[in-house]
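Below: one structure, written as structure tokens.
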Amino acid sequence: MAARDEGPHTGALPVGQVEEYLVGTLDELPEVGGAVVELGGRRVAVVRDSKGAVHAIDDTCSHANVSLAEGEVHGDTIECWLHGSEFDLNDGHPLSLPATQPVAVHTVRIDGSSIYVAIAS
Ligand code: FES
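Here UniProt numbering is used: position 76 in the sequence shown is 76, and no number is missing along the way.
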């Protein structure tokens with residue numbers, strides 16, 4: 001999935017609170033797995049879980065500076081490839097050590113095959 005930082009699409013959203021971006025289409029995501037997009041200078045992992053739900057979390061692991069999108073998806077969790085912490089894709093919390101801090105979770109909206117991610121400012 002190529003990053004589509006085409007600027008925020010904020011028409012239906014409160015100005016100054018969230019910025020919503022078109023990040024790509026469902027067919028650009030792996031069947032199960034993630035891709036990185038850069039939204040307003042922030043790296044976000046857009047991840048399809050094993051049930052087909054799409055999530056968006058900050059891409060950088062809270063334990064060290066590596067990409068979570070490169071991790072393996074199990075159900076609705078993603079495992080950091082470096083030290084194995086498992087993160088809940090629904091709330092960003094780590095479910096296993098060594099990570100102890102959550103990563104931010106962003107709101108995903110699917111419209112047809114388009115994926116939109118809203119970033120809290
Ligand atoms: S860098 Fe992710 S668990 Fe260590």
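Ideal placement from N, C-alpha and C gives every residue a C-beta, glycine not left out.
VAL103 and GLY92 do touch by the CB rule: their CB atoms are close to 4 Å apart, below 8 Å. Bridge partners of HIS55 according to DSSP: VAL47. The three-state reading of DSSP puts LEU82 in coil, since its state is none of H, G, I, E or B. In this structure, DSSP gives ASP76 a state outside helix and strand, which the three-state scheme calls coil.
In this structure, ARG48 sits away from LEU68, with a CB-CB distance that is not shorter than 8 Å. Nearest Cα to GLU31 within the set ARG42, LEU39 and LYS51: LYS51.
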